[in-house]
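Working notes, beginning with the structure itself.
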Amino acid sequence: MKADERLAGIPVIMQTAATSPEQIREGLAAGAFYYLTKPFEGEALLTIIRSALDDMRVRRELTANLADHAHALACLGEGEFVVRSLDDARRLASFVALLGPQPETLAMGLSELLVNGVEHGNLGIDFAEKSRLRESDCWEDEIRRRLTLPEFKDRAVRMRVRKDSARWVFEISDDGEGFDWRRFLDFDPERAFAPNGRGIALSRQLSFSSLTYIPPGNRVVVTVPRDETSK
Numbered sequence: 001m002k003a004d005e006r007l008a009g010i011p012v013i014m015q016t017a018a019t020s021p022e023q024i025r026e027g028l029a030a031g032a033f034y035y036l037t038k039p040f041e042g043e044a045l046l047t048i049i050r051s052a053l054d055d056m057r058v059r060r061e062l063t064a065n066l067a068d069h070a071h072a073l074a075c076l077g078e079g080e081f082v083v084r085s086l087d088d089a090r091r092l093a094s095f096v097a098l099l100g101p102q103p104e105t106l107a108m109g110l111s112e113l114l115v116n117g118v119e120h121g122n123l124g125i126d127f128a129e130k131s132r133l134r135e136s137d138c139w140e141d142e143i144r145r146r147l148t149l150p151e152f153k154d155r156a157v158r159m160r161v162r163k164d165s166a167r168w169v170f171e172i173s174d175d176g177e178g179f180d181w182r183r184f185l186d187f188d189p190e191r192a193f194a195p196n197g198r199g200i201a202l203s204r205q206l207s208f209s210s211l212t213y214i215p216p217g218n219r220v221v222v223t224v225p226r227d228e229t230s231k
C-alpha cells in the first residue's frame with residue numbers, strides 16, 4: 001500500500017500477536033504506525049481507529065490548503081510567524097510548506113512540530129496525558145480550554161524561516177520548559193500501541209533533510225532542499 005501513491009495516505013492499523021521489539025520495528029518501517037495486540041478490548045480498537053482517522057483528516061486538510069497559497073511565497077527571503085492554536089498551526093504549516101519541493105510531506109512535518117509546540121510546549125500536555133485525552137476523545141477540547149487559562153494565554157509558538165543557497169531553514173520555538181526529545185526521534189516499540197507519540201519520528205523520517213533540537217528542547221531547527229536538485 002505505501003508504495004502505491006493512490007493508497008499511501010491511508011493509515012494502516014496492524015492487528016497482531018507479534019509483539020517483540022524487532023517485529024514491531026519491522027512493522028513500523030513498513031508503514032504500520034498503529035498497533036493492536038491480540039486479544040484487545042473494543043475500547044482500545046475505537047481509540048486507535050479515532051487516532052488514525054484524526055491523523056488522516058488533518059493530513060487531508062493540510063493537503064487541501066496547499067492549493068490556496070500556491071503563489072503567495074514567491075518573494076519570501078526570510079520571515080517570522082506566530083501561532084497559538086492548533087488551527088493556526090495547521091494553516092501556517094500548509095502556507096509555508098509551498099516553499100519546499102514536496103509540499104505535502106513538508107506540511108505534515110511542520111504541522112507536527114508546530115502542534116507539538118502548542119500542546120506539549122506551551123500547554124504542558126505530556127505524552128501520557130495526551131494518550132489519556134485521546135482515549136477519552138477530548139484532546140482538542142482540553143487544548144481549547146487550556147488556551148484560555150491565565151498561565152497559558154500569552155504563550156505562543158514562533159516559526160522563523162530563512163533560505164541559504166541550497167536550503168530552506170525553519171526554526172520553531174515555544175514558551176515551554178522543553179522536553180527530552182531524544183526519546184521521540186526514532187520509532188519506539190514501547191509506544192507502538194499508544195494512540196500518539198510517533199509524529200516526530202515520522203516527520204524526521206519523511207519530511208526533512210535534517211532535524212535538530214536545541215537544549216532544553218523548546219527549539220527545533222529543520223531543513224529541506226530549495227528544489228529537488230539540491231538534495
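Taking the UniProt record's numbering, I'd label the letters of the sequence shown as residues 1 to 231. Ideal Cβ positions, reconstructed from N, Cα and C, are used throughout, including at glycine.
Measuring straight from C-alpha to C-alpha, what distance separates glutamate 119 and aspartate 227? 32 Å
Less than 8 Å between C-beta atoms, sequence neighbours within five positions excluded: which residues of the same chain meet that for isoleucine 49? Ile13
Mapping the DSSP letters down to three states, classify proline 103 as helix, strand or coil. helix
Using only CA atoms, which one of Ala52, Leu73, Ile143, Gln15 lies nearest to tryptophan 168? Leu73
Does the beta-carbon of serine 136 have 16 or more other beta-carbons within 10 angstroms, so that it is buried, or is it exposed? exposed
Let's see if you can read the secondary structure: which residues bound the beta strand (DSSP E) around glycine 79? 78–83
Given 8 Å as the limit, is there contact between the region 175–183 and the region 93–108, that is, 3 or more CB pairs closer than that? no
Can you have a look at serine 51 and say buried or exposed, based on whether 16 or more other CB atoms are within 10 angstroms of its CB? buried
Terminal residues of the continuous beta strand (DSSP E) containing lysine 163? 157–163
Put isoleucine 214 into one of helix, strand or coil per three-state DSSP. strand
Pull up the CB-CB distance for leucine 123 and phenylalanine 152, whole angstroms please, since I reckon it's below 8 Å. 6 Å
State yes or no: is the C-beta of methionine 159 within less than 9 Å of the C-beta of isoleucine 172? yes
I need the DSSP call for residue 313, collapsed to helix, strand or coil. Here the chain has residues from 1 to 231 only, and residue 313 is not among them.
Can you give the Cα-Cα distance for valine 58 and arginine 204, rounded to whole angstroms? 18 Å
Roughly how many angstroms lie between the CA atoms of alanine 89 and arginine 182, to the nearest whole one? 23 Å
Return the CA-CA distance between asparagine 218 and leucine 92, expressed in angstroms with no decimal places. 19 Å
Continuous alpha helix (DSSP H) stretch holding valine 96: start and end: 86–96
With a 10 Å radius around its C-beta and 16 neighbouring C-beta atoms as the bar for buried, classify leucine 46 as buried or exposed. exposed
Inter-residue spacing [alpha-carbon to alpha-carbon] between leucine 53 and phenylalanine 187: 20 Å
Could you give the residue range of the alpha helix (DSSP H) that holds phenylalanine 127? 127–135
Valine 224, buried or exposed, once every other Cβ within 10 Å from all chains shown has been counted against 16: buried
Following the continuous alpha helix (DSSP H) through isoleucine 10, name the residue where it begins and the one where it ends. Unbroken run through isoleucine 10: none, as it is neither H nor E.
Ordered along the chain, which non-local residues of its own chain (more than five positions away) have a Cβ less than 6 Å from that of arginine 84? Ala156
Could you say which of Gln15, Gly77, Pro11 lies nearest to aspartate 164 if we only look at CA atoms? Gly77
From what residue to what residue does the beta strand (DSSP E) around glutamate 171 run? 167–173
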